[in-house]
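See below for the structure under consideration.
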Amino acid sequence: METCISDKATKTELEHIAQILAQREANKPTFESFEYCEECGEEIPEKRRQFSKGITRCVDCQSIVDIKNKGVIRR
Ligand SMILES: [Zn+2]
């Protein structure tokens with residue numbers, strides 16, 4: 012009996028971890044980067060687009076967003 016219960020618990024835990032990992036994977040930007048910046052419409056250099064997936068802004072706009080995000084998240 013004891014073994015059965017712990018087995019169940021372990022399975023649930025593993026399922027939970029698998030779920031978290033799947034969620035993390037889903038949150039990763041996997042879509043192709045935008046050709047043009049969504050903020051200012053400036054063309055995003057191909058090198059930048061190839062560097063990372065899911066880029067939607069040019070360097071200037073991204074740095075502004077990063078600064079804004081840093082301002083919001085206070086640690
Ligand atoms: Zn831009």
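Residue numbers for the sequence shown follow our numbering, beginning at 12 and rising by one.
Yeah, the Cβ is synthetic: ideal placement off N, Cα and C, and Gly gets one too.
{"Asked": "Beta-carbon spacing of Arg68, Glu46 below 7 Å", "Found": "no"}
{"Asked": "Shell residues, 6 Å Cβ cut-off relative to heavy atoms of ligand 1", "Found": "Cys48, Glu50, Cys51, Glu53, Arg68, Cys69, Asp71, Cys72"}
{"Asked": "C-alpha distance - Thr21 paired with Gln30, whole-angstrom precision", "Found": "14 Å"}
{"Asked": "Proximity of Ser44 and Arg60 at Cβ, strictly below 7 Å", "Found": "yes"}
{"Asked": "Pick from Asp18, Leu25, Lys19, Lys39 that is closest to Ser63, judged by C-alpha positions", "Found": "Lys39"}
{"Asked": "Helix, strand or coil at Glu50 [DSSP, three-state]", "Found": "coil"}
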